[in-house]
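Numbering (the working numbering), first residue to last: 232 to 515.
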């Protein structure tokens with residue numbers, strides 16, 4: 232099959248938007264993201280062919296990397312879409328190296344089933360895909376919706392993505408019309424489960440607290456040889472986190488948390504302070 236059959240045109244004035252996720256090509260959150268940005272440009276969808284939540288920016292090549300057309304119609308529009316046998320980050324890599332006819336103006340990762348907050352956001356395949364897009368110098372939007380834990384891996388049609396779709400459209404339009412300042416490579420947007428288009432949004436920073444706290448497996452699960460991961464629950468006392476953090480914004484104040492992220496992971500500290508510590512001779 233010719234993979235170029237359904238691609239957007241290589242020459243057009245319309246911005247190209249690459250949409251991906253970590254929940255897989257069949258996710259209703261992916262569909263909601265597509266609906267949200269249909270009026271904003273030409274779309275190309277490339278998403279994993281299966282569930283990859285928790286993959287981070289994994290470059291595992293265990294899957295075969297197969298790329299196949301995926302029939303996708305949204306609101307009467309036929310969307311150029313591909314399912315990829317790869318992790319979210321590698322899916323974005325395939326899309327940018329093999330599928331896009333020109334450099335996208337925007338990458339969108341989401342809308343994810345489940346919020347991505349705190350110091351464990353690098354676990355997220357949603358964030359991993361966003362990091363991969365941003366590494367190409369493309370403005371990137373990562374959108375996650377707070378949903379019940381049982382929907383994170385087993386998706387439910389009862390989840391209402393309308394609020395998250397509104398904010399996907401809002402911030403996608405912002406990123407298409409204005410340039411973010413240097414060192415802001417990704418906008419991470421986390422939407423409360425009860426959000427509507429009228430819910431306020433607030434800039435936040437990544438909390439130094441872990442949001443999803445790991446728990447031991449149930450007692451009736453044999454940990455030896457059992458392929459069952461640790462359990463987890465959201466943090467029990469989010470009010471104890473930093474008031475300017477993404478956790479506090481969503482879990483306590485119930486506003487949309489908008490967090491600018493950088494692909495530069497260097498510590499934001501005075502280098503001379505670190506150098507002074509490292510060059511101080513050890514006392515005998």
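Ideal Cβ placement from N, Cα and C applies to all residues, glycine included.
Residue interval of the alpha helix (DSSP H) (run including residue i)
i	result
residue 364	356-365
residue 319	319-325
residue 503	502-510
residue 259	259-268
Buried or exposed by the 16-neighbour rule on C-beta atoms within 10 Å, applied to residue i
i	result
residue 381	exposed
residue 313	buried
residue 304	exposed
residue 455	Caution is warranted here: a pLDDT of 47 is assigned to residue 455, below 50, making its placement in the model unreliable, and the coordinate value is therefore given only provisionally. Exposed is the call here.
residue 321	buried
residue 478	buried
residue 250	buried
residue 328	exposed
Inter-residue CB distance, residue i and residue j (contact presumed, cutoff 8 Å)
i	j	result
residue 421	residue 375	5 Å
residue 403	residue 269	Actually they are not in contact, since the Cβ atoms of residue 403 and residue 269 sit about 11 Å apart, beyond 8 Å.
residue 417	residue 507	In fact, because the Cβ distance is near 32 Å, the residues do not count as touching under 8 Å.
residue 371	residue 340	7 Å
residue 437	residue 349	7 Å
residue 392	residue 342	6 Å
Three-state class that DSSP yields for residue i in the structure shown
i	result
residue 398	helix
residue 278	strand
residue 465	strand
residue 393	helix
residue 346	coil
residue 422	strand
residue 313	strand
residue 473	coil
residue 369	coil
residue 482	helix
residue 337	strand
Continuous beta strand (DSSP E) stretch holding residue i: start and end
i	result
residue 432	432-434
residue 437	Note, residue 437: premise wrong, no beta strand (DSSP E); not H, not E.
residue 497	It is not in any beta strand (DSSP E) - residue 497 carries neither H nor E in the DSSP assignment.
residue 444	443-446
residue 250	247-251
residue 299	298-300
Near the ligand FAD: residue i beta-carbon under 7 Å from a heavy atom
i	result
residue 439	No copy of the ligand FAD appears in this structure; indeed no ligand is present at all.
Min CB distance residue i to chain D below 8 Å
i	result
residue 493	Looking for chain D here will not work: only one protein chain is present.
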